[in-house]
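Input: a single structure, listed below in structure tokens.
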């Protein structure tokens, strides 16, 4: 093998080693309050179930995504969500609602559907991205439906923002969690 081929081969090996040495970081959304142990015998009113949170396809991706200006998204190479964003948001909202409404029976994702009537909380998110200027925005519509007939009892559209967020993915994910808690607080007021 001549010297040029050896140098090229060595360069390829070093480039591959550089890519392999960057560990993948996994992020999660988390409830901001600890959920109490539900007391189903003392629960008042109908059980409450949070549906899977609907996310636009450009948001619900495994790679952590930030807004870079008005028309460009930046998808991180080595930073991923630990699970689909819509499912994590569902879990966080359910846990936060359970903390906000300790007298109610708030079902967690995966719990069996109750027999008889219950309240279904549906959330449809339009915007939920951190931006490169240190902001995080959550814009969402929410509905409280009486099931099984599907009658909408309450609905709303809210927008929450958090400013001056560090540009680290961990800080941005924590800010996203805090915004979900603010949304759960609004929804909880209509469930109490």
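Residue numbers (mature numbering (1 follows the signal peptide of the UniProt record, and there is no 0)): -20 to -1, 1 to 172. For every residue, glycine included, the Cβ atom is placed at its ideal position computed from N, Cα and C.
Residue i and residue j look like a contact to me (Cβ under 8 Å); what is the Cβ gap, rounded to whole Å?
i: residue 111; j: residue 47; result: 4 Å
i: residue 24; j: residue 149; result: Not really, about 40 Å apart at Cβ, beyond 8 Å.
i: residue 98; j: residue 171; result: Their Cβ separation, rounded to whole angstroms, is 12 Å, which puts residue 98 and residue 171 out of contact at 8 Å.
i: residue 124; j: residue 101; result: 6 Å
Rounded to whole angstroms, what's the CA-CA distance from residue i to residue j? Just pull it up for me.
i: residue 89; j: residue 55; result: 28 Å
i: residue 106; j: residue 138; result: 10 Å
i: residue 154; j: residue 145; result: 9 Å
i: residue 156; j: residue 12; result: 11 Å
i: residue 59; j: residue 143; result: 22 Å
i: residue 119; j: residue 95; result: 33 Å
i: residue 49; j: residue 104; result: 23 Å
i: residue 135; j: residue 83; result: 22 Å
i: residue 69; j: residue 115; result: 19 Å
Does the Cβ-Cβ distance between residue i and residue j come in under 8 Å?
i: residue 34; j: residue 67; result: no
i: residue 62; j: residue 7; result: yes
i: residue 93; j: residue 28; result: no
i: residue 117; j: residue 9; result: no
i: residue 168; j: residue 80; result: yes
As a quick exercise: from the options, pick the residue whose alpha carbon is nearest that of residue i.
i: residue 140; options: 86, 92, 165; result: 165
i: residue 32; options: 158, 91, 136; result: 91
i: residue 184; options: 39, 101, 2; result: This structure does not reach residue 184, given that the chain is present from -20 up to 172, and the question cannot be answered.
On the three-state DSSP scale, how would you describe residue i?
i: residue 121; result: strand
i: residue 151; result: helix
i: residue 134; result: strand
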